[in-house]
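**Student:** Taking the working numbering, the leading residue of the sequence shown gets 1236, the next gets one more, and so forth. From the three backbone atoms N, C-alpha and C, an ideal C-beta is built for every residue, glycine too. Note that this is a predicted model, so its numbers are computed, not measured. Got a structure for you, written out below as structure tokens; questions coming shortly.
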Amino acid sequence: MRNRIEEYPDYLQRLFPQKYVPGEDKILAKTITFQVTDGCNLACTYCYQINKHHNFMDFETAKEFIDILLADKNPYINTKNSPGIIIEFIGGEPLLAIDLIDKITDYFVAKMIELDHPWATRFMLSMCSNGVLYFEPKVQEYLQKNRYWLSFSVSIDGNKKLHDTCRVFPDGSGSYDMAIAAAKDYMQKFSKECGSKMTLSPQNVAYTCEAVENLIDLGYKQIFLNCAYEEGWTAENATTLYYQLKKLSDYILKNDLEDELYISMFENDIGTRMLPEDNDNWCGGNGNMIAVDYKGDIYPCLRFMESSIGDEMKPPIIGTVKGGIMSTPEQVECVNCLKCVTRRSQSTDECFDCPIAKGCGWCTAYNYQTFGTFDRRATFICKMHQARILANCYFWNSCYLKHKNNNAFRMNVPDEWALQIIDEDELNYLKKIARE
């Protein structure tokens, strides 16, 4: 399986290596997120933004946020703990605010040049769209103007059947045809390495294989897909995912595509026990990102915003564009609480000592939304992670056997867990090809 395309934080880390001292923060390229609107022209069934409205950021709010960041005086994000930055625009649907995005981009770049700021030569722009407004003239002008430092993607959930099951307009009609037209045009004009992000949910997991096959046929080489963290998964869903990924494995190997693709569900270094000292929080929402909403409130991650966690939870605000970042005792305490979150602090003994812990992810903001604390881990995707590891055992060992490679992906899923997803004959086969 092809390695994933090097992403910007990895690129910066390679070009500007920093000595990492255990116990101290790793120096990364942090993501600066502007929620330019909380409105959207779709009503996707699995959207984590459960509290969207029709608010838009004004340019003055964005300008004040930029001025705070480029002053380089706050402890949360600065040129010492982030040698480069990723400027991300999100919604709702960000292209609803393309005029504002264009003004923010121009101001950010001009201000960095004026200040001779280190980030002026170490930044990227990032935006993911549903594609509905892609062909608008102002959108096309923006893409052309910023093509060399913009990472742009269109959300496509595989094929028409899967996509139109979940990514729908308010009237229930699907958006696949508009999204695929946008993606094809972008790959033709701007970048053949356009990636795709698929979110699997209980409603669409049965379409996984044919959806990925469709993306491959369309020319996608890098395909990210993950199971939604939200509650609702069942053992039956896990069985479905396993056999969908098994079917996808057979398709890849039969067509000799294993060296041409990167598919995030297949990783050959997951599915093992993690050492106790591997104690970092998997999610980057406690220090590697910063986000501002239309009101000028500043958060550690966009998923902590009111549009995501709803009106009933108090959002963890770490600053405002008027007052600055970490400018009150409450904001400082919030940041300190987030920094104290570790894999050990939020996990039960069962999770921490899990024999297949490596590769299992979670979202700190969703933990907070669900339990009212940063420090308790939601485990609703547990069965889906088990199914993923079983499928990786099938894929990698089938690949190694095909190429007469002596490597092996070990079958570390306990029999008791595996037999809730697959039958005994399938389990015995996985053990056999794992050379156990």
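#1: Based on DSSP bridge pairs, tell me the residues matched to residue 1534.
#2: Name the residue from 1455, 1525 and 1473 whose alpha carbon lies nearest to the alpha carbon of residue 1462.
#3: Pull up the DSSP beta-bridge partners for residue 1554, would you.
#4: How long is the line joining the alpha carbons of residue 1478 and residue 1626, rounded to whole angstroms?
#5: What did DSSP end up calling residue 1362 once you bin it into helix, strand or coil?
#6: Would you tell me roughly how many angstroms separate the C-alpha atoms of residue 1293 and residue 1438, rounded to the nearest one?
#7: At a cut of 8 Å, does the region 1587-1596 reach the region 1530-1538 through at least three beta carbon pairs?
#8: Taking the alpha-carbon positions, what's the residue 1609 to residue 1602 distance?
#9: Would a C-beta distance cut-off of 7 Å place residue 1322 and residue 1267 closer than the cut-off?
#10: Does residue 1457 come out as helix, strand or coil in the three-state DSSP assignment?
#11: Please go through the region 1406-1456 and give each complete alpha helix (DSSP H) segment of 4 or more residues, from N-terminal end onward.
#12: Between the region 1497-1511 and the region 1557-1574, do at least 3 Cβ pairs fall closer than 8 Å?
#13: Helix or strand or just coil, what does DSSP make of residue 1497?
#14: For residue 1443, which residues of its own chain have a beta-carbon under 6 Å away from its beta-carbon, when the five flanking residues on both sides are left out?
#15: Using 10 angstroms around the beta-carbon of residue 1306, count the other beta-carbons present and answer buried if the total reaches 16, otherwise exposed.
#16: From the DSSP output, which residues share a beta bridge with residue 1265?
#17: Express the C-alpha separation of residue 1417 and residue 1647 in angstroms, rounding to a whole number.
#18: On the criterion of 16 or more Cβ atoms from any shown chain inside 10 Å, does residue 1468 qualify as buried, or is it exposed?
#19: Cutting at 6 Å between CB atoms, please list the residues of its own chain near residue 1299, excluding the five before and the five after it.
#20: Quick one: what does DSSP say residue 1667 is sitting in, helix, strand or coil?
#21: In the DSSP assignment, find the unbroken beta strand (DSSP E) run with residue 1389 in it and report its ends.
**Tutor:** Put simply:
#1: 1526
#2: 1473
#3: 1533 and 1560
#4: 8 Å
#5: strand
#6: 37 Å
#7: no
#8: 6 Å
#9: yes
#10: strand
#11: 1411-1424 and 1443-1452
#12: no
#13: strand
#14: 1479
#15: exposed
#16: 1320
#17: 42 Å
#18: buried
#19: 1556
#20: helix
#21: 1385-1389
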